[in-house]
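Per the UniProt record's numbering, the very first residue in the sequence shown carries number 1; after that it's consecutive. Where is the CB? At the ideal position from N, CA and C, for every residue including glycine.
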Amino acid sequence: MELAAKALARVLLPFAHLNAPGHARHVACQWALGMRFPKEDLTGLTPATYAAFTTARTEAFWKDGQLIGLTSGHRDAAVQHRMYIEDLQRPGLTTVLHPAESEHVRGTAMDIRPREGAQWLEDNGARYNLYRTYDNEWWHFEYRLRRPERLPYPGAVRAYR
Ligand SMILES: [Zn+2]
1 MELAAKALAR
11 VLLPFAHLNA
21 PGHARHVACQ
31 WALGMRFPKE
41 DLTGLTPATY
51 AAFTTARTEA
61 FWKDGQLIGL
71 TSGHRDAAVQ
81 HRMYIEDLQR
91 PGLTTVLHPA
101 ESEHVRGTAM
111 DIRPREGAQW
121 LEDNGARYNL
131 YRTYDNEWWH
141 FEYRLRRPER
151 LPYPGAVRAY
161 R
């Protein structure tokens with residue numbers, strides 16, 4: 001599957017060049033990843049988050065052969081609220097943030113896959129202002145202007161107050 005995506009990107013490259021001269025590798029990469037991860041939805045990310053994420057994964061793709069897909073990006077407040085309520089009703093630690101606190105609602109958080117892609121972003125994301133923010137979520141990254149303190153889990157700050 002990964003080989004197929006890479007082969008596809010090479011096939012798409014000339015068309016991407018016609019479509020976006022000077023950005024062909026960037027565009028071909030997004031097309032190929034869109035086909036590799038057909039359910040991903042990048043709408044609702046802030047423009048800076050979108051630019052950082054697509055630029056980072058273009059580098060991961062062409063330079064290091066890593067395919068990075070988006071599992072969950074922007075969530076509207078109603079969806080986040082439903083997840084929050086469901087999580088409250090489960091026994092154990094609450095780890096879903098209220099919509100007012102969620103970076104997914106703000107459009108600056110990305111849950112990504114696969115694990116190797118997340119490792120690449122953990123190692124290289126700072127160049128793009130993308131940071132892993134929780135010890136217990138290898139998949140969750142946020143666009144931040146400065147490296148944030150990494151927390152043990154979502155909501156940890158509230159728990160420590
Ligand atoms: Zn997340």
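>> Check whether the stretch 58-77 and the stretch 34-44 are in contact - that is, three or more C-beta pairs closer than 8 Å.
In response: yes
> CA-CA distance, residue 122 and residue 56?
Replying inline: 11 Å
> In terms of residue numbering, what span does the beta strand (DSSP E) encompassing residue 143 cover?
Replying inline: It spans 140-143 - the beta strand (DSSP E) in which residue 143 sits, taken as one unbroken run.
> Within the present structure, is the beta-carbon of residue 83 separated from the nearest heavy atom of ligand 1 by less than 8 Å?
Replying inline: no
>> Taking the straight line between their C-alpha atoms, what separation do you get for residue 98 and residue 14?
In response: 45 Å
>> At a cut-off of 8 Å, would you count residue 110 as near ligand 1, judging by its Cβ distance to the nearest heavy atom?
In response: yes
>> Tell me whether the stretch 136-148 and the stretch 79-92 touch, counting them as touching only if at least three CB pairs, one residue from each stretch, are closer than 8 Å.
In response: No, the stretch 136-148 is not in contact with the stretch 79-92.
> Do you know offhand how far residue 31's Cα is from residue 53's?
Replying inline: 14 Å
>> Would you call the stretch 15-34 in contact with the stretch 100-111, where contact means no fewer than 3 C-beta pairs closer than 8 Å?
In response: Contact between the stretch 15-34 and the stretch 100-111 is absent: fewer than 3 CB-CB pairs across the two stretches fall below 8 Å.
> Hey, which unbroken runs of the alpha helix (DSSP H) at 4 residues or more fall wholly within the stretch 5-69?
Replying inline: 24-36 and 47-64
> Quick one: what does DSSP say residue 135 is sitting in, helix, strand or coil?
Replying inline: coil
> In chain order, what residues of the same chain lie with their CB nearer than 7 Å to the CB of residue 58, ignoring the 5 residues before and after it?
Replying inline: 25, 26 and 29
>> Following a CB-centred definition, is residue 139 positioned closer than 8 Å to any heavy atom of ligand 1?
In response: yes
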